[in-house]
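Residue numbers (the numbering used here): 291 to 768.
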Ligand code: FAD
């Protein structure tokens with residue numbers, strides 16, 4: 291067995307000395323998650339430059355029995371990219387693998403390396419007058435490999451689907467170092483199992499994604515955005531039903547925020563302005579888009595909202611009068627994570643429930659959390675149209691400085707959310723994933739047969755259990 295020093299030397303032999311950060315070096319940013327909840331350690335952080343290098347490092351670690359933790363932009367919400375605190379592991383960074391390999395406006399596709407920052411892919415698509423629709427608050431730092439590994443959602447799922455629906459093909463290094471090349475980018479393929487699907491949402495536990503072929507779309511050339519004040523959550527769902535019947539596919543986004551959520555942003559994100567009075571319990575961003583330049587979207591949006599206002603379904607609405615105004619409204623939505631993080635210790639949830647059950651889910655969950663944990667500040671935001679609502683219980687940081695202090699309260703809150711999610715026929719993670727923070731909860735709310743099949747797939751692909759051990763599933767005994 292190689293010593294840590296010898297292992298770092300062998301890794302340097304593959305990727306070059308400049309791309310290995312050994313223990314004791316400047317590893318800290320890679321050892322802690324975005325929320326600062328988990329802290330691990332690593333024999334080395336390795337910055338890979340090519341698929342061949344990834345394969346060589348994986349083969350070396352397989353031979354040495356060293357665990358591997360792939361890490362993208364490290365913006366994940368559930369500790370999935372943090373190395374374990376025990377045992378020997380290395381962190382794999384793909385930042386250097388950030389090339390756009392090909393763009394085809396004809397095929398409406400783009401092929402990129404896994405370390406590409408999401409925003410760079412959006413820009414590369416725009417350069418050929420196309421849209422890559424995945425959009426989320428962390429888009430300036432998260433990487434497409436991480437997006438695919440978490441099956442990220444974001445604000446455009448209603449129209450374009452989650453990351454899973456945007457992937458045409460993948461290149462993946464398997465735990466034994468084999469490279470699976472499925473980058474053809476074909477739209478139709480009925481040749482047996484769709485292997486790429488296994489790796490989408492697998493949180494780095496089944497393979498290391500090194501490149502992806504992704505779908506592009508025509509770029510919206512017209513848009514209209516409104517901020518709508520609602521007397522209750524049901525109104526958002528009734529408005530959605532109407533919008534689906536009138537504007538159809540032009541409905542791009544429907545993002546809800548509770549009043550408390552916006553108050554948190556107003557209090558903690560100084561450069562975000564809230565240009566409306568906060569006198570309703572819910573606010574909704576409604577965006578229509580169209581790919582035909584000059585399409586008038588304001589008139590149909592005004593018509594739907596005007597009728598809703600007259601009937602008392604909604605309390606108020608403002609339409610963005612310029613692109614700058616629209617950007618300022620979106621900035622509020624994109625500040626929810628930052629504001630909440632600054633507001634205190636956050637016990638956050640990522641449930642999805644069927645649309646018909648969403649209002650009752652929201653009401654019951656808030657009521658039960660406040661009854662059990664009256665000191666919590668319960669706020670919510672969500673991608674209403676796709677059933678995903680984030681319930682956040684914010685605890686005072688003076689009384690709850692860290693995860694250990696929060697544990698008993700967090701456990702109680704988790705039980706309530708899990709119970710309500712299950713009662714309404716939902717799932718506990720719609721887009722953030724399971725990682726470490728939701729692993730035990732997954733076991734509680736998932737059918738035993740499903741968990742067993744997941745364990746068998748993991749054991750088949752990664753019999754040594756070296757890939758991101760302890761994430762999603764408890765590590766198999768070794
Ligand atoms: P990491 O956090 O680095 O890793 C996440 C997981 O992917 C880990 O399991 C890691 O091992 C694995 N992984 C990373 N790269 C690879 C690879 N190349 N091969 C295999 N496995 C890999 N998420 C949403 O879904 N919707 C949102 O709206 C949203 N908003 C956010 C807003 C903010 C401000 C922040 C900070 C986060 C937000 N997130 C959101 C969460 C996060 O950005 C996403 O989960 C994102 O997809 C993670 O990408 P990443 O590159 O940072 O991955």
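Where a beta carbon is used, it is the ideal one built from N, C-alpha and C, also for glycine.
With a threshold of 16 other CB atoms inside 10 Å of the CB of residue i, please say whether the residue is buried or exposed.
| i | result |
| --- | --- |
| residue 318 | exposed |
| residue 387 | buried |
| residue 698 | exposed |
| residue 326 | exposed |
| residue 734 | exposed |
| residue 631 | buried |
| residue 567 | exposed |
| residue 483 | exposed |
| residue 589 | exposed |
| residue 323 | buried |
| residue 398 | buried |
| residue 520 | buried |
| residue 624 | buried |
| residue 715 | exposed |
| residue 481 | exposed |
| residue 612 | exposed |
Helix, strand or coil for residue i per DSSP?
| i | result |
| --- | --- |
| residue 748 | helix |
| residue 401 | strand |
| residue 486 | helix |
| residue 726 | coil |
| residue 375 | coil |
| residue 559 | coil |
| residue 496 | coil |
| residue 612 | coil |
| residue 737 | coil |
| residue 770 | Residue 770 lies beyond the residue range present for the chain, which begins at 291 and ends at 768; the question has no answer from this structure. |
| residue 537 | coil |
| residue 564 | coil |
| residue 300 | helix |
| residue 366 | coil |
| residue 743 | helix |
| residue 427 | coil |
| residue 412 | helix |
| residue 709 | helix |
| residue 307 | helix |
| residue 295 | helix |
Based on the DSSP output, what are the partners of residue i in its beta bridges?
| i | result |
| --- | --- |
| residue 507 | 421 |
| residue 577 | 515, 543 |
| residue 360 | 382 |
| residue 668 | 683 |
| residue 761 | In the DSSP output, where bridge partners are listed per residue, residue 761 has none listed. |
| residue 572 | 520, 548 |
| residue 719 | 640 |
| residue 331 | None, per the DSSP bridge assignment. |
| residue 232 | For the chain, the structure presents residues 291 to 768; residue 232 sits outside this window and is missing. |
| residue 337 | 383 |
| residue 433 | 407 |
| residue 605 | According to DSSP, which records beta bridges pairwise, residue 605 is partnered with nothing at all. |
| residue 694 | In the DSSP output, where bridge partners are listed per residue, residue 694 has none listed. |
| residue 312 | 334 |
| residue 392 | 401 |
| residue 322 | 329 |
Which residue's Cα is closest to the Cα of residue i: the options?
| i | options | result |
| --- | --- | --- |
| residue 472 | 500, 746, 764, 606 | 500 |
| residue 731 | 717, 743, 721, 662 | 717 |
| residue 361 | 415, 393, 431 | 431 |
| residue 584 | 476, 536, 513, 446 | 513 |
| residue 643 | 634, 629, 677 | 677 |
| residue 641 | 679, 373, 553, 349 | 679 |
| residue 711 | 736, 491, 476 | 736 |
| residue 547 | 309, 681, 300, 686 | 681 |
| residue 335 | 395, 359, 602 | 359 |
| residue 578 | 587, 439, 761 | 587 |
| residue 375 | 405, 529, 321, 400 | 321 |
| residue 751 | 466, 332, 394 | 466 |
| residue 542 | 554, 447, 478, 565 | 447 |
| residue 674 | 686, 738, 572, 489 | 572 |
| residue 601 | 535, 629, 525 | 525 |
| residue 395 | 371, 444, 532, 507 | 507 |
| residue 656 | 626, 707, 672 | 707 |
Quick check: does the Cβ of residue i come within less than 6 Å of any heavy atom belonging to the ligand ADP?
| i | result |
| --- | --- |
| residue 629 | In the structure shown, the ligand ADP is absent; the only ligands present are the ligand FAD. |
- prompt: Which whole runs of the beta strand (DSSP E) in the segment 615 to 678 are 3 residues long or more, in chain order?
  reply: Taken in chain order, the complete beta strand (DSSP E) segments of 3 or more residues contained in the segment 615 to 678 are 635 to 638, 667 to 673.
Any beta strand (DSSP E) of 3 or more consecutive residues that is wholly inside the segment 435 to 465: 457 to 463
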